[in-house]
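Q: Okay, handing you the structure first.
Residue numbers (this note's numbering), protein chains in the order written: chain A, 163 to 354; chain B, 167 to 446.
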């Protein structure tokens, strides 16, 4: 159940349901509380063959959100270092297969392909944006971190994050809405 | 001849790497403030405010401004009356990078080969460019260059007939295609002229000029202003959410070129414009 807070921000709790996803629109600001799994290029490269062979993944993707990030190392006593999003389009080719398994969202930055947009609509899922380059600010919302797979990949290992009020914005919704398109159209000026 | 020991070089590079990642330079922070004065989009305003907050947190807590702590690009201006003692210049720089990234809790983002992609674990090696210049000092300029924006950097060989309008169109095309992937507001380094590799080098060097300062060449300065105004009419805005602040600066450097050529290289830099320099 997605609730709207007094400041207009939608409060999301993982795991997400189809109804949660369907209630959100591109441009909605959200705060996520629950679990995020980190994975980027190298981890996705290992997940795909497992999916193709029908093997079990290191985490159950149903209802979950993958955060495309490779955090910087934590100082002693800290949960994590800096943890902002990486460019999502590099993971586009892996998205449809993961959504088919029940993944409900990804967090990243930047444009995505039409096949990703189509898959979001088909499987009822979201593409969320976190502010690229705001890794210090974003680190304060991560309360717990553990490596769940591929520790040898260093920053690219799959980590399970427990987050509280992690701020994001809906970039692509499951109804075809696209914040980049709408936002940029509103501010483009003649002659540009 | 003046001796400069490699240990002084390693120490300097180590410090520059850590400080660049923790503490944005004042020119970038001033550019955020200027943008806040002109940005019409509420979403854009909010992003710029968060970036300022991010810079303050990074500085106070000594954690990186961005988790991508970059590829170290190092320009060395080596005075021809300097004698580097104690070992190799390149090794000294890489030792500084290794120490800075390790002791500074900065991310290791470099793989040893573009093919087998095994992480080197300490963010080495740096990309090092050495210019021998008159004098007896050794100047080190470093940039911690983010991967997301670097991936949107581009090169094009224009024809002389395409001229200034061709250069303008190409630069704006680069801003358009960089879009939100490169973390706008962007800074562009543009190298025009020279050969294929010279233009690319100029495009990196151009980024070291203070943001908001005029280009010393009045013609290039006028072109920079035109380009910046046009880039900021595209509507991409902070993070691509829509707005007026797509770029904070566009810096040009030009060099003589062949009668057949008009090379243009564009290095795309994100708002995490981490640059520092020191003179030994």
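Don't be surprised by glycine CBs; every beta carbon is placed ideally from N, CA and C.
Verify the CB distance criterion: does residue 389 of chain B have a CB-CB separation below 8 Å to chain A?
A: Walking along the second chain from the start, residue 389 of chain B turns up at place 223. With 8 Å as the cut-off, residue 389 of chain B does not count as an interface residue toward chain A.
Q: Can you tell which of A:204, A:169 and A:171 has the C-alpha that lies nearest to the C-alpha of residue 281 of chain B?
A: Here residue 281 of chain B corresponds to residue number 115 of the second chain, with the count starting at 1. If we check each option's Cα against that of residue 281 of chain B, A:204 comes out closest.
Q: If you count every other CB in all the chains shown that lies within 10 Å of the CB of residue 439 of chain B, and 16 or more means buried, which is it?
A: Sequence index remark: in the second chain, residue 439 of chain B carries index 273 (1-based). By the neighbour-count rule (16 or more Cβ atoms within 10 Å), residue 439 of chain B is buried.
Q: Beta-carbon of residue 383 of chain B versus every beta-carbon of chain A: anything under 8 Å?
A: For the purposes of this step, residue 383 of chain B is identified with residue 217 of the second chain, where counting begins at 1. Answer no: the Cβ-Cβ gap between residue 383 of chain B and chain A never drops below 8 Å.
Q: Using 8 Å as the cut-off, can you tell me whether the stretch 390-404 of chain B makes contact with the stretch 304-322 of chain B, which would need three or more C-beta pairs spanning the two stretches below that distance?
A: Contact between the stretch 390-404 of chain B and the stretch 304-322 of chain B is absent, because fewer than three Cβ pairs lie under 8 Å.
Q: Work out the CA separation of residue 259 of chain A and residue 385 of chain B for me, nearest whole Å.
A: Locating residue 385 of chain B in the second chain gives position 219, where the first residue counts as 1. Locating residue 259 of chain A in the first chain gives position 97, where the first residue counts as 1. One C-alpha to the other measures close to 53 Å.
Q: Any contact between the stretch 345-363 of chain B and the stretch 416-432 of chain B? By contact I mean 3 or more CB pairs, one from each, below 8 Å.
A: Yes: at least three Cβ pairs fall under 8 Å.
Q: Express the C-alpha separation of residue 407 of chain B and residue 398 of chain B in angstroms, rounding to a whole number.
A: Reading the second chain from its first residue, position 232 is the one you call residue 398 of chain B. Reading the second chain from its first residue, position 241 is the one you call residue 407 of chain B. Those two C-alpha atoms are separated by around 13 Å.
Q: Could you please give me the residues that DSSP links to residue 359 of chain A through a beta bridge?
A: Outside the shown range of chain A, which is 163 to 354, sits residue 359 of chain A, and nothing can be said about it.
Q: What separation, rounded to the nearest whole angstrom, lies between the Cα atoms of residue 260 of chain B and residue 176 of chain B?
A: Numbered from its first residue, the second chain carries residue 260 of chain B at position 94. Numbered from its first residue, the second chain carries residue 176 of chain B at position 10. Between residue 260 of chain B and residue 176 of chain B, the C-alpha separation is close to 8 Å.
Q: Who does residue 421 of chain B pair with in a DSSP beta bridge?
A: For the purposes of this step, residue 421 of chain B is taken as the residue at position 255 of the second chain. B:359.
Q: For residue 172 of chain A, decide whether its Cβ has a neighbour in chain B, counting only Cβ atoms nearer than 8 Å.
A: Taking the first residue of the first chain as 1, we reach residue 172 of chain A at position 10. For residue 172 of chain A, the answer is no, since every Cβ of chain B falls outside 8 Å of its Cβ.
Q: Taking contact to mean at least 3 C-beta pairs separated by less than 8 Å, is the stretch 273-281 of chain A in contact with the stretch 298-306 of chain A?
A: Short answer: they don't touch.
Q: Around the C-beta of residue 244 of chain A, are 16 or more other C-beta atoms found within 10 angstroms, so that it is buried, or is it exposed?
A: The residue labelled residue 244 of chain A in the question sits at position 82 within the first chain. When all chains shown are included, residue 244 of chain A counts as buried.
Q: Relative to the C-alpha of residue 287 of chain B, which candidate in A:317, A:219, A:286 and A:272 has its C-alpha closest?
A: Residue mapping note: residue 287 of chain B aligns to position 121 of the second chain, counting from 1. Nearest of A:317, A:219, A:286 and A:272 to residue 287 of chain B, Cα basis: A:317.
Q: Any residues in the stretch 235-248 of chain A with a beta carbon nearer than 8 Å to a beta carbon of chain B? Which ones, in chain order?
A: Within the stretch 235-248 of chain A, the residues whose Cβ lies closer than 8 Å to some Cβ of chain B are 235, 236, 237, 240, 243, 244, 245, 246 and 248, listed in chain order.
Q: Pull up the distance between the alpha-carbon of residue 251 of chain B and that of residue 367 of chain B, whole angstroms please.
A: Your numbering for residue 251 of chain B matches position 85 in the second chain. Your numbering for residue 367 of chain B matches position 201 in the second chain. Approximately 27 Å, taken between the alpha carbons.
Q: If you compare alpha carbons, which of A:325, A:333, A:348 and A:350 is closest to residue 195 of chain A?
A: As a first step, residue 195 of chain A must be located in the first chain, where it is residue number 33. Nearest option by C-alpha distance: A:325.
Q: Any idea if residue 362 of chain B is buried or exposed, counting beta-carbon neighbours within 10 angstroms, 16 or more meaning buried?
A: Counting from 1 along the second chain, the entry for residue 362 of chain B is found at position 196. Under this definition residue 362 of chain B is an exposed residue.
Q: CB-CB under 8 Å to residue 263 of chain A, same chain, minus the five flanking residues each way: which ones, in chain order?
A: Stepping through the first chain from its first residue, residue 263 of chain A is reached at position 101. So the qualifying residues of the chain are 213, 219, 223 and 224.
Q: Taking just the CA atoms, how far does residue 411 of chain B sit from residue 403 of chain B?
A: Residue mapping note: residue 403 of chain B aligns to position 237 of the second chain, counting from 1. Residue mapping note: residue 411 of chain B aligns to position 245 of the second chain, counting from 1. Approximately 5 Å between the Cα atoms of the pair.
Q: Could you tell me whether the Cβ of residue 235 of chain B comes closer than 8 Å to any Cβ of chain A?
A: Walking along the second chain from the start, residue 235 of chain B turns up at place 69. Interface residue, yes.
Q: Residue 395 of chain B lies in the alpha helix (DSSP H); which residues open and close that run?
A: For the purposes of this step, residue 395 of chain B is taken as residue 229 along the second chain, with counting starting at 1. Element bounds for residue 395 of chain B: 384-397.
Q: Under the rule that 16 or more other beta-carbon atoms within 10 Å means buried, what is residue 242 of chain B, buried or exposed?
A: Reading the second chain from its first residue, position 76 is the one you call residue 242 of chain B. It is buried - the Cβ of residue 242 of chain B has at least 16 other Cβ atoms within 10 Å.
Q: Grab the span of the beta strand (DSSP E) containing residue 428 of chain B for me, first residue to last.
A: The residue given as residue 428 of chain B occupies position 262 in the second chain. Note, residue 428 of chain B: beta strand (DSSP E), 428-435.
Q: Assuming contact is defined by CB atoms lying nearer than 8 Å, are residue 159 of chain A and residue 286 of chain A in contact in what I supplied?
A: As displayed, chain A neither begins before 163 nor continues past 354, which places residue 159 of chain A out of reach and without an answer.
Q: First and last residue of the alpha helix (DSSP H) that includes residue 206 of chain A?
A: Position 44 of the first chain, counted from the start, is the residue given in the question as residue 206 of chain A. That run of the alpha helix (DSSP H) goes 203-214.
Q: Just tell me which of B:401, B:235 and B:167 has its CA closest to the CA of residue 187 of chain B.
A: Within the second chain, numbered from 1, the residue matching residue 187 of chain B stands at position 21. Ranking B:401, B:235 and B:167 by Cα distance to residue 187 of chain B puts B:235 first.
Q: In terms of residue numbering, what span does the beta strand (DSSP E) encompassing residue 310 of chain B cover?
A: Position 144 of the second chain, counted from the start, is the residue given in the question as residue 310 of chain B. Looking at the DSSP string, the run of the beta strand (DSSP E) that includes residue 310 of chain B is 304-311.
Q: Look up residue 282 of chain B in the DSSP assignment and say whether it is helix, strand or coil.
A: Numbered from its first residue, the second chain carries residue 282 of chain B at position 116. Here residue 282 of chain B sits in coil by DSSP.
Q: Candidates A:232, A:182 and A:246: which alpha carbon is nearest residue 226 of chain A's?
A: Numbered from its first residue, the first chain carries residue 226 of chain A at position 64. Considering only alpha carbons, the answer is A:182.
Q: Residues of chain A with a CB under 7 Å from the CB of residue 337 of chain B: which are they?
A: Indexing the second chain from 1 puts residue 337 of chain B at position 171. None at all; the shortest Cβ gap to chain A is about 13 Å.
Q: In its own chain, which residues sit with a C-beta less than 6 Å from the C-beta of residue 308 of chain A, not counting the 5 before and 5 after it?
A: Locating residue 308 of chain A in the first chain gives position 146, where the first residue counts as 1. Excluding positions up to five away in sequence, the list reads 322.
Q: Taking only beta-carbon positions, decide if residue 230 of chain B is within less than 8 Å of chain A.
A: Taking the second chain and counting its residues from 1, the one referred to as residue 230 of chain B is at position 64. Yes, residue 230 of chain B counts as interfacial toward chain A.
Q: Compare the C-beta of residue 293 of chain A with all C-beta atoms of chain B and state if any pair is closer than 8 Å.
A: As a position in the first chain, residue 293 of chain A is number 131, starting the count at 1. Yes - at least one Cβ of chain B is within 8 Å of the one on residue 293 of chain A.
Q: Residue 297 of chain B lies in the alpha helix (DSSP H); which residues open and close that run?
A: Position 131 of the second chain, counted from the first residue, corresponds to residue 297 of chain B. Careful: residue 297 of chain B lies outside any alpha helix (DSSP H), inside the beta strand (DSSP E) at 293-299.
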